[in-house]
Amino acid sequence: MSLRIYNTLSRQKEEFSTLEPGKVRFYVCGPTVYATAHIGHAMSALVFDIIRRYLEYSGYAVNFVMNYTDVDDKIINKANQTGQDPFALAQKYIDDYRADLDKLNVLPATSNPRATREMEYIQNMIAQLLEHEKAYVLDGDVYYRVNTKPDYGKLSGRKIKDMAAGSRISLDDRKESPEDFALWKSAKPGEPAWESPWGKGRPGWHIECSAMNLHHLGEQIDIHGGGNDLIFPHHENEIAQTEALTGKEFARYWMHNGMVTMTGEKMSKSLGNIVTIQDFLKDHPGDVMRLWVLASNYRAPLVYGDDVIEQAEQNYKRLLGAKKPALPGAKGLSEAAAFSLLKAAEKARRSFKEAMDDDFNTPLALAHVIELVKSINQARSDGATATQLEGAQSVFKELSEVWGLQLEGNITSSADAEPFIRLLVELRQEARAQKNWALSDKIRDGLKNLGVLLEDSKEGSSWTWEQK
RNA sequence: GGCGACGUGGCCAAGUAGUAAGGCAAGGGUCUGCAAAACCCUCAUCAUGGGUCCGAAUCCCAUCGUCGCCUCCA
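Everything in the first sequence is counted per this note's numbering, starting at 2 for the first residue and increasing by one.
Here is the structure:
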């Protein structure tokens with residue numbers, strides 16, 4: 002079975018094929034860096050990280066570009082308010098964001114272009130649009146002439162007429178048409194500005210992404226991603242600009258993740274219902290956030306709340322359990338049972354791929370992974386040896402790595418402690434043999450307080466570091 | 001007002017025509033000295049009302065409701 006992807010452009014799932022065999026040109030809109038990133042940003046980053054990892058797992062070489070918008074009104078306003086240099090401010094939030102992503106185990110992009118470092122390419126693109134009369138200059142601003150693009154609105158399903166009817170477009174009498182948008186904004190006093198043929202100024206938001214795409218990936222790309230709040234006007238305008246220039250279809254597949262919602266509302270700065278990534282990571286390992294995202298479809302709104310995080314936490318502990326070693330004194334499974342464990346593992350891998358191939362159906366794939374975990378646990382409690390568990394456990398490891406799960410727990414211990422723990426466990430075994438329950442419970446409780454979990458069985462006790 | 005998405009058990013969630021996967025929570029059980037973990041069992045007719053069809057959560061129409069976008073936003 003081959004990969005199918007839901008394309009916002011056609012509003013349906015389509016067979017995936019690439020411009021160049023085996024290669025994927027993948028662009029994702031990154032954040033505007035003017036504030037600490039919240040878990041909505043994290044969701045988007047995780048969704049596209051998972052997609053990117055799966056494409057690589059499937060054998061594609063992925064050129065993954067994520068930009069930073071590092072100059073815009075928000076950044077300038079914030080810098081003015083706090084008396085900071087806008088460039089230093091943007092840099093700080095870029096560094097913070099990258100640090101957050103590292104903790105979430107999001108792979109670094111192939112490249113992270115930034116608007117301020119692409120000025121040459123941005124201006125070049127604007128100049129060409131002017132040359133083709135797709136844009137016009139107005140008092141030092143440059144606007145895109147929307148009515149030169151007959152299919153404008155094809156991504157968002159909007160018509161220019163409808164938009165004109167909407168009362169929320171601010172009317173600017175100077176523009177030829179209200180829907181025309183800025184490619185270049187003339188500088189106001191005190192704002193960062195770049196020299197240009199149209200006077201000092203800075204680029205509009207939409208043209209940045211178009212120019213960076215063109216520069217880093219070429220005239221046509223395979224996948225363009227971002228949050229679904231960017232469909233209009235941002236992505237619509239990117240399409241207009243790029244296609245007006247190249248005359249070719251810009252992106253073949255448009256992918257959009259749903260919004261994180263809190264008590265029914267979108268999580269966003271302007272609503273003030275923010276949970277930052279750092280807030281979240283204070284209480285939970287990064288894997289928990291990944292599992293929270295994996296548990297529902299990337300296109301649907303993602304509920305944030307105590308319930309669902311608790312559920313992700315439980316799933317996390319469950320998956321960690323699959324990595325446990327064989328029981329002490331395991332007698333071994335029959336050959337038939339060992340074989341059927343391997344079959345179960347292979348089936349899990351097949352089902353996992355099938356689910357992922359269907360527009361990255363992670364909730365379904367997760368169900369298959371949990372089935373595998375169940376099989377492993379069953380085999381383990383039936384006395385499978387380490388060797389017998391190995392095959393299934395390596396499949397489990399393979400699949401969890403495709404998703405970027407680390408499943409290491411947040412162990413703060415050092416290996417140095419292990420001999421001492423083993424000694425205590427042995428002593429407790431002796432106490433248990435003598436039915437000295439008081440002492441044996443004391444050791445167990447004491448170790449638990451130190452983060453070591455004991456599991457008793459007839460054959461003896463095993464221990465693991467407590468997760469989280 | 002326009003455009004788009006959506007409404008499945010207490011919670012999350014898969015499923016686009018043949019009579020509802022999975023997880024969490026809950027209840028019962030096995031194992032255990034007692035626990036913990038693990039395993040087993042139980043737990044929905046799919047917003048509402050029509051329609052199409054031998055047959056619909058799945059297609060069509062209507063109604064109600066939710067969310068997103070139309071202004072910066074992952």
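Even glycine gets a Cβ: it sits at the ideal position worked out from N, Cα and C.
- Scanning the segment 154-217 for uninterrupted beta strand (DSSP E) segments of 3 residues or longer gives 183-187 and 202-204, listed from N- to C-terminal end.
- A136 is bridged by DSSP to Y145.
- Here W293 carries a helix assignment [DSSP, helix/strand/coil].
- DSSP places Q13 in the strand class (E or B) of the three-state scheme.
- In the pairwise beta carbon analysis, the segment 316-333 is classified as touching the segment 370-387: at least three pairs are separated by under 8 Å.
- According to DSSP, N229 shares a beta bridge with no other residue.
- Bounds of the beta strand (DSSP E) holding R253 are A252 to N258.
- Within 10 angstroms of the beta-carbon of R175 lie fewer than 16 other beta-carbons, which makes it exposed.
- For I123, the closest alpha carbon among the candidates L184, F17 and N78 is that of L184.
- Classified as exposed, Q315 has fewer than 16 neighbouring CB atoms from the shown chains inside 10 Å of its CB.
- Around the beta carbon of R26, a 10 Å sphere encloses 16 or more other beta carbons of the protein chains shown; the residue is thus reported as buried.
- Per DSSP, reduced to three states, the secondary structure at R115 is strand.
- Scanning its chain for C-beta atoms nearer than 6 Å, with the 5 sequence neighbours on each side dropped, one finds around S211 the residues E239, Q242 and T243, in chain order.
- As summarised for the segment 335-399, the continuous alpha helix (DSSP H) elements at least 4 residues long and confined to that stretch are 336-358 and 363-382, given in chain order.
- Excluding five sequence positions before and after P302, the CB atoms of its chain that fall closer than 7 Å to its own CB belong to G259, M260 and T262, given in chain order.
- Only buried fits S197, as 16 or more other CB atoms lie within 10 angstroms of its CB.
- Note on K14: under 16 other CB atoms within 10 angstroms of its CB, so exposed under the neighbour-count rule.
- Annotation for A434: the continuous alpha helix (DSSP H) segment containing it runs E419 to A434.
- Assignment of W464 by DSSP, reduced to helix, strand and coil, places it in the strand class.
- DSSP places N106 outside both helix and strand once states are collapsed to three, so it counts as coil.
- Counting only residues of its own chain and dropping the five nearest sequence neighbours on each side, F353 has a CB closer than 7 Å to the CB of A366, H369, V370 and L400.
- Per DSSP, E456 lies in no alpha helix (DSSP H) segment; the continuous beta strand (DSSP E) that holds it begins and ends at V453 to S458.
- Membership of L20 in any beta strand (DSSP E) is not indicated, and neither H nor E is assigned to it by DSSP.
- For L10, the closest alpha carbon among the candidates Y153, L90, L425 and S382 is that of Y153.
- The alpha-carbon of P22 is positioned some 29 Å away from that of I208.
- If you draw a straight line from the Cα of V34 to the Cα of F49, it comes to about 19 Å.
- Contact between the segment 106-113 and the segment 45-59 is established, with three or more Cβ pairs separated by less than 8 Å.
- The beta-carbon separation of A416 and A345, rounded to 32 Å, does not stay under the 8 Å limit for a contact.
- The beta carbon of H216 sits closer than 6 Å to those of Y122, all from its chain and outside the five residues before and after it, given in chain order.
- Assignment of V276 by DSSP, reduced to helix, strand and coil, places it in the coil class.
- In this structure, S187 sits near G141, with a CB-CB distance shorter than 8 Å.
- The beta carbon of Q129 sits closer than 8 Å to those of L246, all from its chain and outside the five residues before and after it, given in chain order.
- Taking C-beta atoms under 8 Å as the contact rule, V309 and H39 fail to qualify, at a distance of about 16 Å.
- Secondary structure of T243 (DSSP, three-state): helix.
- Within a 10 Å sphere around the beta-carbon of S3 sit fewer than 16 other beta-carbons, which makes this residue exposed.
- With respect to F182, Y144 sits close: the two C-beta atoms are nearer than 8 Å.
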